[in-house]
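In order, the protein sequences belong to chains A and B. If you're matching positions, the first sequence starts at 1 in our numbering and goes up one per residue. If you're matching positions, the second sequence starts at 339 in our numbering and goes up one per residue. Beta carbons are placed, not taken as given, at the ideal position from N, Cα and C, and that holds for glycine. Source: prediction; values computed, not measured. Everything below concerns the one structure shown next.
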Amino acid sequence: MMNAPVGGAKHQLLPSCSILALLAALTLPMQVQAQVATPPLTRAGTTISNTASATFDTGGGSTTINSNQVDLLVDELLDVTVDSSNPADVPTTPGATGQVLTFSVTNNGNGVENFVLSTIANAGGDNYDPVVTQIYIDNGDGVFDAGTDTLYTPGANDPELDPDESVTVFVVATTPGTVVDGYRGIVSLVAAAVTGTGSPGDSFAGQGEGGGDAVVGSTGADGTDAGAFIVSAATVTLVKSAVVTNPLGTADPIPGATITYTIVATVAGSGSVSGLAITDNIPADTSYVAGSITLGGVAQSDAVDADAGDYNGTRINVALGTVGGGQTRTVTFQTTID
Amino acid sequence: MRTALFLLFAALLPGQALAANQVALANDVFVERVTTDATGKQRILLEEPKVVVPGDRLVFVLNYRNAGAQPADKFVITNPLPAAVSFADAGDTRPLVSINGGRGWGQLDQLTVALSDGTRRAAQPADVTHIRWAFPKPIPAGGSGKLMFRGVVK
Chain A
1 MMNAPVGGAK HQLLPSCSIL ALLAALTLPM QVQAQVATPP LTRAGTTISN TASATFDTGG
61 GSTTINSNQV DLLVDELLDV TVDSSNPADV PTTPGATGQV LTFSVTNNGN GVENFVLSTI
121 ANAGGDNYDP VVTQIYIDNG DGVFDAGTDT LYTPGANDPE LDPDESVTVF VVATTPGTVV
181 DGYRGIVSLV AAAVTGTGSP GDSFAGQGEG GGDAVVGSTG ADGTDAGAFI VSAATVTLVK
241 SAVVTNPLGT ADPIPGATIT YTIVATVAGS GSVSGLAITD NIPADTSYVA GSITLGGVAQ
301 SDAVDADAGD YNGTRINVAL GTVGGGQTRT VTFQTTID
Chain B
339 MRTALFLLFA ALLPGQALAA NQVALANDVF VERVTTDATG KQRILLEEPK VVVPGDRLVF
399 VLNYRNAGAQ PADKFVITNP LPAAVSFADA GDTRPLVSIN GGRGWGQLDQ LTVALSDGTR
459 RAAQPADVTH IRWAFPKPIP AGGSGKLMFR GVVK
């Protein structure tokens, strides 16, 4: 080891000569630090002990001495982050209940800590305030199920997290019936360390894990993130018209004339309607023309079968299924005047 | 600033471990606190740690003195890094470092770490496990000096 290169360590009789050198050394930036992936934080309560040794020979052979030992207690750092787990706004509909936003809460500190959860739905920046009804703590599967997840009660079951541990939290809300298509409603979840929150560096004497203090970290010991609902509603408009033709070549509704009915269903809005069906009774004193149902210009059979249309003797029915906003469906059928 | 200067001078003064009549080595640890004054100028203060938390920047100061009558030859100071401290730098003192628990030594920029895919990457400060200063000349009788390095509480 003695043939290794040696740097600027100097020795001299007057220690004060190195003041400037030390000052210069202490003000060097530590720029390389951030390049390495961050390891887990040192656990609160850990003692950091440092001892150096010196080996030398003053003529009587090699001698080793140890320095004094310096012990430092690592205190508990209080840090938490909240992240919305929804990649995009969550669709909802006017008046809907049980609407769920998903968040994760992570203990970024170095000790076991409980976190109080709360929500903010009236902070503005949106079109309406979702009504938060419950908060649930996930059972670990990441999927909301009111039957297996734990209903959260502040102060009673504040989630306890180990360092680096995360928990999934579900915020359940009701969408007011007054909202309209396109409205956006924001809900923020707030998690705050039970030990306390404040400005970075604030400390709570003796309240840290392992007997030290608890010190507020860079997050202020509380975290928040926003999730949002987007109202995705749709409305259906039906317009029915009739055209009469007769053997005389006129439009007079005489016996034997044929009436062609056209029903146009228009779906508007950003949402969609499901299970949409058009049903129309055959008017009195008219007779249904067999096989006359069309959907989008395509003939439909009268039987209940694979196609969408059917006639049961008194009414026609066309099942349209799910229709998205901005689309139309056109149904026609014919009757003759008795 | 007065506090900082005081601590700097304190760091320079020989500690109690230097009282021996031969060679002595004293070890002091300070926390670097960066404060910003009203004009936005940053100021670094060294404090005796009362509270240490992950992310704190520690300054380790080693004062050595040869209080004996004979020169101390083959003088080597070794400081194993505490497990909870990540090495940052040693100012301009250019120590030897070990990244494998003291089995091998070298300048940090000459050491490499084997990766699982068979390649090697340059060693980083966080890989350092031991720091060592080997003096090419004997410490004369009455001679003393100071070494420092910095680390971050993991």
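Contacting residues, own chain, Cβ-Cβ under 7 Å from residue i (five flanking each side not counted)
i	result
aspartate 305 of chain A	none
leucine 189 of chain A	Val82, Phe103, Leu117, Thr119, Val169, Val171, Thr224, Asp225
glycine 220 of chain A	Thr197, Gly198, Ser199, Pro200
glycine 480 of chain B	Asn404
glutamine 360 of chain B	Ala405, Gly406
alanine 422 of chain B	Val491, Lys492
arginine 315 of chain A	Thr279, Asp280, Asn281, Ile282
Three-state secondary structure assigned by DSSP to residue i
i	result
leucine 449 of chain B	coil
glycine 406 of chain B	coil
alanine 25 of chain A	Confidence at alanine 25 of chain A is low in this model, with a pLDDT of 45, below 50, so the placement of that residue should be treated as unreliable; the coordinate-derived value is given next. Of the three classes helix, strand and coil, the one that applies to alanine 25 of chain A here is helix, per DSSP.
aspartate 285 of chain A	coil
proline 476 of chain B	coil
glycine 370 of chain B	Note on residue identity: the sequence assigns glutamate, not glycine, to residue 370 of chain B. Glutamate 370 of chain B: strand per DSSP, three-state reduction.
glutamate 165 of chain A	coil
alanine 464 of chain B	helix
glutamate 386 of chain B	coil
glycine 140 of chain A	coil
glycine 483 of chain B	strand
glycine 456 of chain B	coil
arginine 329 of chain A	strand
glycine 211 of chain A	helix
asparagine 50 of chain A	strand
arginine 488 of chain B	strand
glutamine 334 of chain A	strand
glycine 8 of chain A	Low local confidence applies: a pLDDT of 41 at glycine 8 of chain A is under 50, so the model's placement there is unreliable, with the coordinate-based value given in what follows. Coil.
isoleucine 259 of chain A	strand
serine 16 of chain A	Its pLDDT being 42, under 50, serine 16 of chain A is placed unreliably by the model, and the measurement read from it follows with that caveat. It is helical.
glutamine 380 of chain B	strand
tyrosine 311 of chain A	strand
tyrosine 128 of chain A	strand
threonine 235 of chain A	strand
isoleucine 293 of chain A	coil
proline 91 of chain A	strand
glycine 60 of chain A	coil
serine 218 of chain A	coil
Beta-carbon proximity of residue i to residue j, cut-off 9 Å
i	j	result
serine 272 of chain A	valine 239 of chain A	no
serine 84 of chain A	threonine 168 of chain A	no
valine 264 of chain A	valine 331 of chain A	yes
glutamate 76 of chain A	glycine 208 of chain A	yes
leucine 363 of chain B	asparagine 66 of chain A	yes
leucine 446 of chain B	alanine 52 of chain A	no
leucine 78 of chain A	aspartate 164 of chain A	no
phenylalanine 473 of chain B	aspartate 427 of chain B	no
glutamine 334 of chain A	tyrosine 288 of chain A	yes
valine 187 of chain A	proline 94 of chain A	no
leucine 248 of chain A	leucine 320 of chain A	no
threonine 374 of chain B	leucine 383 of chain B	no
threonine 457 of chain B	asparagine 438 of chain B	no
Selection from the options that minimises the alpha carbon distance to residue i
i	options	result
threonine 195 of chain A	A/Gly249, A/Asn86, A/Tyr136, A/Val116	A/Val116
leucine 73 of chain A	B/Lys379, B/Gly440, B/Val390, B/Gln360	B/Val390
serine 49 of chain A	A/Asn68, A/Leu78, A/Asp89	A/Asn68
threonine 150 of chain A	A/Tyr261, A/Phe229, A/Tyr136, A/Ser287	A/Tyr136
asparagine 86 of chain A	A/Gly313, A/Phe229, A/Ala242	A/Phe229
aspartate 126 of chain A	A/Asp89, A/Pro159, A/Asn157, A/Asp141	A/Asp89
asparagine 139 of chain A	A/Ala308, A/Thr148, A/Thr250, A/Val131	A/Thr148
serine 436 of chain B	B/Lys484, B/Ala464, B/Gly378	B/Ala464
Contacts around residue i, its chain only, beta-carbon distance under 8 Å, and the 5 residues preceding and following it disregarded
i	result
asparagine 246 of chain A	Asp252, Pro253, Ile254, Gly256, Ala257, Thr258
proline 387 of chain B	Val367, Phe368, Val369, Asp394, Leu396
glycine 297 of chain A	Thr330
leucine 434 of chain B	Trp443, Gly444, Gln445, Ile469, Arg470, Trp471, Ala472
glycine 45 of chain A	Leu73, Val74, Glu76, Gly111, Gly208, Glu209, Gly210, Gly211, Gly212
aspartate 302 of chain A	Ala290, Gly291, Ile293, Gly309, Asp310, Tyr311
DSSP bridge partner residues for residue i (one or two, in chain order)
i	result
alanine 319 of chain A	A/Ala277
tryptophan 471 of chain B	B/Ile415
serine 118 of chain A	A/Val190
alanine 268 of chain A	A/Thr235
Cβ neighbours of residue i in the same chain (closer than 6 Å, five flanking residues each side left out)
i	result
glutamate 385 of chain B	Val369, Arg371
threonine 416 of chain B	Arg470
valine 100 of chain A	Phe144, Phe170, Val172
alanine 214 of chain A	Glu76, Leu78, Thr195, Phe204, Gln207, Gly208
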